[in-house]
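S.K.: Dropping a structure here in structure tokens format, bear with me for questions.
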Amino acid sequence: MISLSAHKYSLPCALAIATLCTVFFLVGVVSAQEAVPSVEEDAAAIAPAGVTPGNPLYAADRFFERMGLFFAFGKKARAERLTVIAEERLSEAREIADTDEEGAQILVGEYETAFENASVEAELSGDEDAQTRFAEQAARHSSVLDTVIERVPEKARENIRAARDRFVENHIALMRVIAEKNPERAAELFSDIAERRAVAAERQAERKEDTTERRIEREQEVAERLKEYDKYAAFGEEVSLIARKIKAGEATDEVLERATERHREVLERVRENVPEAAREGLENALLRAREMREIRTEVLSPVEIDEKIIERQKNALERRELIKDVVRNREREPLMPFSRPETEEVIEGEEDFENGSPPLNVEEGEDGSALRFPAKKQPSPVPTNVCQKDLIEAAKASAGKQCTMIVKIMTCPRTPFLTTTATNGCIISELTARGWGGPRRTAPVNVY
Numbered sequence: 001m002i003s004l005s006a007h008k009y010s011l012p013c014a015l016a017i018a019t020l021c022t023v024f025f026l027v028g029v030v031s032a033q034e035a036v037p038s039v040e041e042d043a044a045a046i047a048p049a050g051v052t053p054g055n056p057l058y059a060a061d062r063f064f065e066r067m068g069l070f071f072a073f074g075k076k077a078r079a080e081r082l083t084v085i086a087e088e089r090l091s092e093a094r095e096i097a098d099t100d101e102e103g104a105q106i107l108v109g110e111y112e113t114a115f116e117n118a119s120v121e122a123e124l125s126g127d128e129d130a131q132t133r134f135a136e137q138a139a140r141h142s143s144v145l146d147t148v149i150e151r152v153p154e155k156a157r158e159n160i161r162a163a164r165d166r167f168v169e170n171h172i173a174l175m176r177v178i179a180e181k182n183p184e185r186a187a188e189l190f191s192d193i194a195e196r197r198a199v200a201a202e203r204q205a206e207r208k209e210d211t212t213e214r215r216i217e218r219e220q221e222v223a224e225r226l227k228e229y230d231k232y233a234a235f236g237e238e239v240s241l242i243a244r245k246i247k248a249g250e251a252t253d254e255v256l257e258r259a260t261e262r263h264r265e266v267l268e269r270v271r272e273n274v275p276e277a278a279r280e281g282l283e284n285a286l287l288r289a290r291e292m293r294e295i296r297t298e299v300l301s302p303v304e305i306d307e308k309i310i311e312r313q314k315n316a317l318e319r320r321e322l323i324k325d326v327v328r329n330r331e332r333e334p335l336m337p338f339s340r341p342e343t344e345e346v347i348e349g350e351e352d353f354e355n356g357s358p359p360l361n362v363e364e365g366e367d368g369s370a371l372r373f374p375a376k377k378q379p380s381p382v383p384t385n386v387c388q389k390d391l392i393e394a395a396k397a398s399a400g401k402q403c404t405m406i407v408k409i410m411t412c413p414r415t416p417f418l419t420t421t422a423t424n425g426c427i428i429s430e431l432t433a434r435g436w437g438g439p440r441r442t443a444p445v446n447v448y
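Each residue of the sequence shown is one higher than the one before, counting from 1 in UniProt numbering.
In structure tokens form, the structure reads like this:
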């Protein structure tokens, strides 16, 4: 009787166990797929778009944005403020990419500059928590940049791809700073962003395109994302070496080992759908994953560890120091670099404007600090001094009006600042500065 009862219930039990195993397996697969957020989730997690170009309030929005940055005191506060500004530019670029390719390129350029400055400010702050938050948030930017590239026409993509490359470089630069103090935390950051790039390549490889043109674009994007994975994986090797140098290798290597195994699984799935044009990039990425395992077990002396770290860091550190020097040497950071005028003299009567508009007469005030400009109806060329970009944008609304402007220069040790008073609603931007300890430098005035 006992034997019959056992037989009676054995089949249902076996079926129940099999069902549970199947459910747990499927849940595990879904969880693995959902571990990396979607593009929509990443876009929702960053600062939303501000007022986009073309909106009547755009100039005012930029002006108050600039004021907020001006009153952000301290490296940490400036890093946080610049991060928000960078994310707003990125969200704006994503919003208009379908309809305004030129505007999207400009916004991505502004995003790139603000992001670079934010990363440097975070680094110079010395605050590990702030640096970590920045690196975590920056990981979300990559997929949004992917979206912008997909939406703009092919001719506009190269500039945005170049901006994405520089984003990767600046992101790694900040994570490198974290690795010097906390390699285990840097390994976790590496694990997240590298997996995001591998999954981005997988998602792109799975897409089915109807036209040859779209298939070529898909192949290129798969290759680009695999290349980015390779860059982050190279940084992962560097983290392992740094951890061994400061005797924190065991815990860090555990994180790296788990991460590398997950990355390898994703890359193997990419192999199933990878286009031929991206196959070499896939093999390089898989090779890098194998090399990461080897470097963790390789027997190295302290001198050899230092040599390998220097070999990987040299060029990147040199570029990073140049950027940091610029930030260290100015009191207030413009969103775009200030272009110093080449001339040492007041320029009057210069006729060779790109758009053929006539020059403006410049009259220096008695105290040398006030200039009066009789304005013209024709706009002069867009200035190279984009430090006053917010004023330039505001001025577009009053283009063509005749007015008289009085401009006063407030000199700071490194960056000249401009205050304006306007009549008839006109606003100008100009290139006069008494900075860097040199003589007055004046270039053609720009009136809108």
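For every residue, glycine included, the Cβ atom is placed at its ideal position computed from N, Cα and C.
Can you tell me where the alpha helix (DSSP H) with Ile96 in it begins and where it stops?
M.R.: Note, Ile96: alpha helix (DSSP H), Lys75 to Ile96.
S.K.: Nearest by alpha-carbon distance to Leu174: which of Ala135, Thr113 and Ala163 is it?
M.R.: It is Ala135 whose Cα lies nearest to the Cα of Leu174.
S.K.: Please go through the same chain and pick out, in chain order, the residues whose beta-carbon is closer than 8 Å to the beta-carbon of Arg319, but skip the five residues on each side of it.
M.R.: Around Arg319: Glu169.
S.K.: Taking only three categories from DSSP, how would you classify Ser191?
M.R.: Helix at Ser191.
S.K.: What residues in its chain sit with their C-beta under 6 Å from that of Thr296, if we drop five residues either side in the sequence?
M.R.: Checking the displayed sequence, the identity of residue 296 turns out to be Arg instead of Thr. For Arg296, where only same-chain residues beyond five positions count, the Cβ hits under 6 Å are Ser240 and Asp253.
S.K.: For the alpha helix (DSSP H) containing Gly157, name the first residue and the last one.
M.R.: Reading the sequence as shown, one finds Arg at residue 157 and not Gly. Its alpha helix (DSSP H) spans residues Arg157 to Lys181.
S.K.: What are the boundary residues of the alpha helix (DSSP H) that includes Arg293?
M.R.: Run containing Arg293: Arg279 to Thr297, per the alpha helix (DSSP H) assignment.
S.K.: Relative to the C-alpha of Glu88, which candidate in Ile216, Glu110 and Lys76 has its C-alpha closest?
M.R.: Answer by Cα proximity: Glu110.
S.K.: In whole angstroms, what separates the C-alpha of Asp98 from that of Arg151?
M.R.: Distance between the alpha carbons of Asp98 and Arg151 is about 5 Å.
S.K.: Cα separation between Glu209 and Arg215?
M.R.: Near 6 Å, if we compare the C-alpha coordinates of Arg215 and Glu209.
S.K.: Note the first and the last residue of the continuous alpha helix (DSSP H) segment covering Lys208.
M.R.: That residue, Lys208, is in no alpha helix (DSSP H); it is neither H nor E in DSSP.
S.K.: Does the region 226–235 touch the region 64–83, meaning 3 or more C-beta pairs lie closer than 8 Å?
M.R.: Touching, no, given that fewer than three Cβ pairs across the two stretches are closer than 8 Å.
S.K.: With contact counted as at least three CB pairs below 8 Å, one residue from each stretch, are the region 126–140 and the region 185–205 in contact?
M.R.: Judged by Cβ distances under 8 Å, the region 126–140 makes contact with the region 185–205, as three or more pairs qualify.
S.K.: Taking all protein chains shown into account, do 16 or more other C-beta atoms lie within 10 angstroms of the C-beta of residue 480, making it buried, or fewer, making it exposed?
M.R.: Given that the chain is displayed from residue 1 to residue 448, the structure contains no residue 480 and the question cannot be resolved.
S.K.: Whose CA, out of His171, Asp42, Ile246 and Ala186, lies closest to the CA of Glu112?
M.R.: Nearest option by C-alpha distance: His171.
S.K.: Between which two residues does the alpha helix (DSSP H) carrying Arg271 extend?
M.R.: Taken as a continuous stretch (DSSP letters only), the alpha helix (DSSP H) holding Arg271 covers Gly249 to Asn273.
S.K.: For Glu261, count neighbouring C-beta atoms within 10 Å of its own C-beta (all shown protein chains included) and say buried if the count is 16 or more, exposed if not.
M.R.: By the 10 Å Cβ count, Glu261 comes out exposed.
S.K.: For Leu267, I'd like the list of residues in its chain whose CB is within less than 7 Å of its CB, leaving aside the five on either flank, ordered along the chain.
M.R.: These residues qualify, in order along the chain: Ala198, Leu282, Ala285, Leu286 and Ala289.
S.K.: What does the Cβ neighbour count give for Ile427, buried or exposed, with the cut at 16 atoms within 10 Å?
M.R.: The pLDDT assigned to Ile427 is 37, lower than 50, so where the model puts this residue is not dependable; a value taken from the coordinates is nonetheless given after this. It is buried - the Cβ of Ile427 has at least 16 other Cβ atoms within 10 Å.
S.K.: Can you check which of these residues, Val144, Glu128, Glu202 and Asp306, is closest to Ile246 by C-alpha distance?
M.R.: Cα-wise, what sits closest to Ile246 is Asp306.
S.K.: Whose CA, out of Glu321, Thr132 and Gln105, lies closest to the CA of Ala79?
M.R.: Per the Cα distances, Thr132.
S.K.: Could you tell me which of Ala248, Val108 and Arg196 sits nearest to Lys227, measuring between CA atoms?
M.R.: Nearest C-alpha to Lys227: Arg196.
S.K.: For a quick check, are the C-beta atoms of Ala43 and Arg94 less than 8 Å apart?
M.R.: Result yes, Cβ atoms of Ala43 and Arg94 sit closer than 8 Å.
S.K.: By the 10 Å Cβ neighbour count, where 16 or more other Cβ atoms means buried, how is residue 466 classified, buried or exposed?
M.R.: As shown, the chain starts at 1 and ends at 448. That puts residue 466 outside it, with no answer to give.
S.K.: If you run the structure through DSSP and keep just helix, strand and coil, what is Phe71?
M.R.: Correct three-state label for Phe71: coil.
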